[in-house]
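Novice: This is the structure I have questions about; it appears just below.
Next comes the structure, spelled out in structure tokens:
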């Protein structure tokens with residue numbers, strides 16, 4: 001089935017909106033028109049967080065309604081399967097160091113359904129670092145050495161590469177001083193170590209940090225980057241392993257659908273896609289949610305699993321507290337642009353490259369071989385030189401081509417696949433990344449419940465915030481909280 | 001409450017059997033004499049695996065009976081809280097790289113209830129390496145450098161420190177060649193690299209490997225050690241982080257009890273401690289379990305969460321298949337001896353040491369400061385020079401004292417705390433570790449179900465086998481399998 005989300009471009013068909021995905025749910029609802037149910041819990045948002053919350057609640061005996069604005073599950077993590085090959089539209093890589101995600105992968109016995117993005121056995125087996133007009137190539141071992149040197153300088157704030165500052169990544173502010181570090185931007189940190197960096201090291205570390213944040217150096221919290229670094233074991237090798245190596249052979253949506261199917265099998269899951277929510281009203285005795293088209297649903301509790309950047313579109317009654325309102329108004333800064341290019345050059349499979357700071361796409365790797373035998377290159381840009389890829393396809397193709405300076409490696413583009421996360425009304429950006437000072441001020445605000453409404457999202461997870469893992473962490477947390485609470489309530493009622 | 005398990009020794013009270021633990025359950029059963037219930041599932045064994053299986057099944061709506069031979073939960077992982085300080089009798093450390101464990105820690109919001117074992121801020125801040133009669137001390141940085149050099153030589157079988165041989169730790173035999181490596185013993189591997197090792201490196205790597213296996217070098221599978229190494233990110237720093245750094249402030253039993261309490265709160269958990277199982281009979285229509293004292297219980301499914309080394313004590317009807325029978329007859333080889341010493345020397349808090357191969361205890365670290373201000377040293381021995389610590393307390397004290405060669409650091413022992421895992425009828429050894437060839441032959445056998453009986457244990461987990469994490473992995477797997485299966489059966493019945 002095709003989702004409304006995403007775009008493809010091919011020489012034959014040109015630009016087309018909508019791409020096929022295993023995550024599209026048909027029929028789009030299992031509610032009957034006449035039904036007037038009272039649910040234990042309504043979950044708003046069917047990304048991994050909402051899916052986890054809905055699944056856990058349903059499996060544990062609660063009557064659940066799942067509402068989603070899109071036509072598909074997965075939120076900011078989904079794949080489009082085109083001619084048998086999955087293009088990851090947002091969210092790709094998983095690792096056994098990501099506890100919540102991996103727990104689910106093992107539970108669904110999918111640990112053999114992952115494969116490596118990298119394959120350094122093909123012809124163009126090198127790293128290309130294009131700084132402005134200056135291009136150079138080096139071996140992947142030299143690439144690693146460059147990044148290790150650069151990132152070690154960048155992260156070594158405490159003589160221990162961050163181990164002393166963030167010893168316990170799930171408690172980011174475990175060391176009180178870390179609060180101050182959140183005020184530091186990536187730009188501040190680069191400025192502080194600039195004299196120690198070679199031009200190549202500087203371009204390598206800057207583009208790597210921006211790959212993580214999707215923002216600009218000035219709008220990237222240094223501490224939030226350090227948090228990723230700590231989760232990855234304080235090493236570049238750990239970052240590569242955990243951030244960009246293992247992906248699902250069948251694509252992210254092959255994983256997400258398991259959650260939905262399990263929930264559905266309980267027969268306690270009602271759902272409605274294409275159902276954006278307008279208003280959430282908590283009377284104290286129950287919660288009422290109103291969709292954009294005026295339908296109303298009622299439940300004892302509501303789990304809002306919407307991302308930070310879109311929460312402002314929903315009105316809450318009573319209104320949200322000042323801290324949360326301010327966090328929502330500020331939002332996060334990640335405007336990552338992810339573009340897949342299928343190119344006929346088979347040898348590019350082993351290529352990796354950076355084109356920075358001049359190019360609209362700045363970081364790319366050979367990510368797979370399509371059934372047609374073409375190479376799949378995944379390219380990342382962001383706020384540094386932001387584009388809306390569908391607005392000018394020729395410019396987007398140029399941004400891909402510009403990753404390659406060597407004439408002989410010029411890619412012959414046969415397909416582009418992408419989604420515009422910045423213009424997505426249900427995301428307004430990619431994965432969460434915070435600007436300086438934001439988390440120290442607002443992490444607690446974002447996590448706080450509001451009466452019978454609980455807020456869950458990867459955007460304010462404690463561990464792998466911004467990742468699928470953080471989404472599952474959060475969905476797990478609130479489902480547990482709601483179930484425990486409703487069980488107690490029922491005991492009180494049945495004993496009174 | 002005191003458990004029958006464990007021993008303490010103090011100068012005043014001498015040797016005493018039984019230690020207090022939060023994991024002791026009173027009353028020991030919630031069954032009434034008259035009751036004749038039919039359960040959805042009976043879980044045999046209340047270690048982390050059985051606890052997880054029982055909890056998940058109960059929370060997801062099944063009627064569960066949990067049977068346990070001991071007077072306490074936790075199996076091979078439990079703590080004794082003595083005067084407000086937890087001594088870990090078996091199983092101690094946890095890490096966010098252990099996906100199943102950490103998922104539960106976050107779910108129970110216990111991520112701030114962990115603390116570091118190491119504290120390198122006190123007086124005797126060094127590493128002591130005693131090889132035979134030769135003692136030497138070095139800084140902890142030198143200790144790290146020594147271990148890194150030694151372990152890198154030991155693990156570098158593929159030019160990539162094992163990354164190529166075990167790229168995907170949850171699929172240990174992902175690279176077919178790994179099967180052959182399972183035939184190699186740690187001794188074989190040491191022999192192969194012996195010329196490249198200094199005497200200090202050799203003692204350091206051998207004692208570290210034996211710390212992991214609790215066996216002898218000849219009975220330690222090299223591949224199983226490599227599996228640990230791979231899970232730890234292929235580095236010594238990763239091993240230290242994940243294997244021996246973070247522990248619960250309140251002890252392991254403060255974690256295990258959460259599982260039990262959550263299951264109990266569902267009101268679908270029946271349980272009986274002090275109830276060792278004798279016989280498990282599967283009629284095809286139901287499973288009947290008979291306890292040692294002749295009580296019988298019936299269920300649709302049975303989850304055996306007993307360790308490999310004690311499965312031979314239970315008779316199965318129909319008998320188990322040949323592969324499983326052989327695996328049980330072979331067993332695993334870990335006979336770790338773990339002895340806690342509370343010593344009055346405050347400065348020893350920052351000490352770490354090895355006394356190998358001459359001493360009965362070979363590896364020890366300063367693990368904490370007790371409420372009395374004493375230092376808590378945890379010492380490990382194993383099959384290398386195996387002892388039953390309660391048999392000769394003076395010899396056990398000498399084995400502790402012998403860890404320290406420097407006269408000025410001689411510990412003044414005020415308390416010993418330990419459990420004899422080798423003589424424990426419900427364990428017959430410590431955490432799983434395999435002899436050469438065992439896993440390639442028997443991993444699948446151990447995991448296989450037997451009609452309506454499912455076998456779950458950390459001993460045959462795919463990921464963190466031998467760890468609490470592997471226990472939770474396994475409990476999760478079988479509870480999911482049983483629930484899915486029974487739900488389908490009921491649908492068939494209700495529609496027919």
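Protein chains in written order, with full-length UniProt numbering: chain Y, 1 to 496; chain H, 1 to 496.
Ideal Cβ placement from N, Cα and C applies to all residues, glycine included.
(1) List, in chain order, every chain B residue whose beta-carbon is nearer than 9 Å to that of residue 476/H.
(2) Within this structure, are the beta carbons of residue 291/Y and residue 304/Y separated by less than 9 Å?
(3) Taking CB distances under 9 Å as the criterion, tell me whether residue 33/H reaches chain Y.
(4) At which residue ranges does the segment 108-151 of chain H contain complete beta strand (DSSP E) runs of 3 or more residues, listed in the order of the chain?
(5) Mind listing which residues of the segment 43-59 of chain H have their C-beta closer than 8 Å to chain Y's C-betas, in chain order?
(6) Let me make sure I understand the geometry here. Which of 311/Y, 188/Y, 284/Y, 123/Y has the alpha-carbon closest to that of residue 69/Y?
(7) Hey, could you find the ends of the alpha helix (DSSP H) residue 238/Y is sitting in?
(8) Check distances from the C-beta atoms of the segment 157-169 of chain H to those of chain Y and list, in chain order, the residues that come in under 8 Å.
(9) Apart from the five residues just before and just after residue 267/H, which ones in its own chain have a Cβ nearer than 6 Å to its Cβ?
(10) Could you tell me whether the Cβ atoms of residue 75/Y and residue 48/Y are closer together than 9 Å?
(11) Expressed to the nearest angstrom, what Euclidean distance is found between the alpha-carbon atoms of residue 469/Y and residue 99/Y?
(12) Could you have a look at residue 89/H and say whether DSSP puts it in helix, strand or coil?
(13) Please decide whether residue 96/Y counts as near chain H, where near means a Cβ-Cβ distance under 9 Å.
(14) According to the Cβ coordinates, are residue 409/Y and residue 117/Y closer than 9 Å?
(15) Can you pull the chain H neighbours of residue 91/Y, defined as C-beta to C-beta under 8 Å?
(16) Since residue 302/Y contacts residue 59/Y with CB under 8 Å, what's their CB separation in whole angstroms?
(17) Below 8 Å between beta carbons is the criterion; list the residues of the segment 442-468 of chain H that meet it against any residue of chain Y, in chain order.
(18) Could you tell me which chain H residues have their CB closer than 7 Å to the CB of residue 171/Y, listed as they occur along the chain?
(19) Comparing the C-beta of residue 384/H with each C-beta of chain Y, is any distance below 9 Å?
(20) Quick one: Cα of residue 351/Y to Cα of residue 397/Y, how far?
(21) Answer yes or no: do residue 457/Y and residue 45/Y have a C-beta to C-beta separation smaller than 9 Å?
(22) Chain Y partners of residue 473/H, CB-CB under 7 Å?
(23) Can you find a CB in chain H that lies within less than 9 Å of the CB of residue 440/Y?
(24) Leaving out five residues before and five after residue 440/Y in sequence, what residues of the same chain have Cβ atoms less than 6 Å from its Cβ?
(25) Over the uninterrupted beta strand (DSSP E) stretch that includes residue 56/Y, give me the two end residues.
(26) Which residue's Cα is closest to the Cα of residue 374/Y: 393/Y, 348/Y, 443/Y, 472/Y?
(27) Taking all protein chains shown into account, do 16 or more other C-beta atoms lie within 10 angstroms of the C-beta of residue 293/H, making it buried, or fewer, making it exposed?
(28) Can you list, in chain order, the residues of its chain with a C-beta nearer than 7 Å to that of residue 259/H? Leave out the 5 residues immediately preceding and following it.
(29) Is the CB-CB distance between residue 230/Y and residue 296/Y below 9 Å?
(30) Is residue 379/H helix, strand or coil by DSSP?
(31) Out of 18/H, 19/H, 346/H, which has the shortest C-alpha to C-alpha gap to residue 122/H?
(32) Counting pairs of Cβ atoms below 8 Å between the segment 7-25 of chain H and the segment 444-463 of chain H, do you hit three or more?
(33) Can you name the start and end residues of the beta strand (DSSP E) that residue 298/H belongs to?
(34) Report the three-state DSSP secondary structure of residue 314/Y (helix, strand or coil).
(35) List the DSSP bridge partners of residue 455/H.
(36) Check whether the segment 323-337 of chain H and the segment 207-218 of chain H are in contact - that is, three or more C-beta pairs closer than 8 Å.
Specialist: For this structure:
(1) Chain labels in this structure do not include chain B; the protein chains are Y and H.
(2) Their beta carbons are not under 9 Å apart, which means residue 291/Y does not touch residue 304/Y by this criterion.
(3) No - not a single Cβ of chain Y is within 9 Å of the one on residue 33/H.
(4) 114-116, 127-131, 134-138
(5) 59
(6) 311/Y
(7) 236-244
(8) 167, 168, 169
(9) If we look at residue 267/H and ignore the five residues flanking it on each side, it has no Cβ neighbours.
(10) yes
(11) 7 Å
(12) strand
(13) yes
(14) no
(15) Result: empty, since nearest Cβ-Cβ is about 18 Å, beyond 8 Å.
(16) About 19 Å; that fails the 8 Å criterion.
(17) 462, 463
(18) Among the residues of chain H, those whose CB is under 7 Å from the CB of residue 171/Y are 111, 112, following chain order.
(19) no
(20) Rounded to whole angstroms, residue 351/Y to residue 397/Y spans 18 Å at the Cα level.
(21) Their beta carbons are under 9 Å apart, which means residue 457/Y touches residue 45/Y by this criterion.
(22) 106
(23) Contact with chain H is absent for residue 440/Y, since none of that chain's Cβ atoms lies less than 9 Å from the residue's Cβ.
(24) 179, 182
(25) Element bounds for residue 56/Y: not the beta strand (DSSP E) but the alpha helix (DSSP H), 48-59.
(26) Closest by alpha carbon: 348/Y.
(27) exposed
(28) If we look at residue 259/H and ignore the five residues flanking it on each side, its Cβ neighbours are 51, 52, 55.
(29) Going by C-beta atoms, residue 230/Y is not nearer than 9 Å to residue 296/Y.
(30) strand
(31) Taking each of 18/H, 19/H, 346/H in turn and checking the Cα distance to residue 122/H, the smallest one comes out for 346/H.
(32) No, because fewer than three Cβ pairs between the segment 7-25 of chain H and the segment 444-463 of chain H fall closer than 8 Å, the two stretches do not touch.
(33) Per DSSP, residue 298/H belongs to the beta strand (DSSP E) from 296-304.
(34) If DSSP states are grouped into helix, strand and coil, residue 314/Y belongs with coil.
(35) 304/H
(36) yes
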